[in-house]
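In the numbering used here, the protein residues as written are 2 to 90. By construction, the Cβ of each residue, glycine as well, lies at the ideal position given by its N, Cα and C atoms. Reading through the structure tokens given below for one structure.
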Amino acid sequence: MRCSRRGGGPAHIGLLLDVYGVTDQRRREALFELTRQSRIKGWWTRYSDFAGAYIGFEAEASSIATYQVGAIPGLLQAPDYAAVSARAV
């Protein structure tokens with residue numbers, strides 16, 4: 002499964018859960034459900050251009066980071082602060 006191009010199915014996941022001692026039925030079922038969902042293609046897969054690939058990367062990302070030089074990061078800037086900062090440069 003480690004070198005496989007596709008993830009393990011529910012049977013593989015069940016074996017791994019047994020090996021790791023996961024006995025809580027709710028947790029096991031939640032992980033089985035995630036396994037089933039991982040096989041469903043996203044809506045963006047019908048787009049073969051760059052935008053479709055980009056959307057897929059963003060949807061599957063576990064975190065999104067930005068880097069901006071400034072006193073306050075761009076995502077947290079109020080519109081007035083952003084306007085003053087732009088004029089100052």
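- Task: Would you give the residue range spanned by the alpha helix (DSSP H) that G15 belongs to?
- Result: Here residue 15 corresponds to residue number 14 of the sequence shown, with the count starting at 1. Annotation for G15: the continuous alpha helix (DSSP H) segment containing it runs 11-20.
- Item | DSSP three-state assignment for V85, whether helix, strand or coil | If you number the sequence shown from 1, residue 85 lands on position 84. V85: helix per DSSP, three-state reduction.
- Message: In this structure, how does DSSP classify R29 when only helix, strand and coil are distinguished?
- Response: As a working mapping, residue 29 is identified with position 28 in the sequence shown. Shown here, R29 sits in a helix according to DSSP, grouped into three states.
- Item | Inter-stretch contact (C-beta, 8 Å, three-pair minimum) for the segment 58-68 and the segment 25-40 | Note that the segment 58-68 does not touch the segment 25-40; fewer than 3 beta-carbon pairs, one per stretch, sit closer than 8 Å.
- Message: Quick check on I41: buried or exposed, where buried means 16 or more other Cβ atoms within 10 Å of its Cβ?
- Response: Numbered from 1 along the sequence shown, position 40 holds the residue referred to as residue 41. With fewer than 16 other Cβ atoms within 10 Å, it is exposed.
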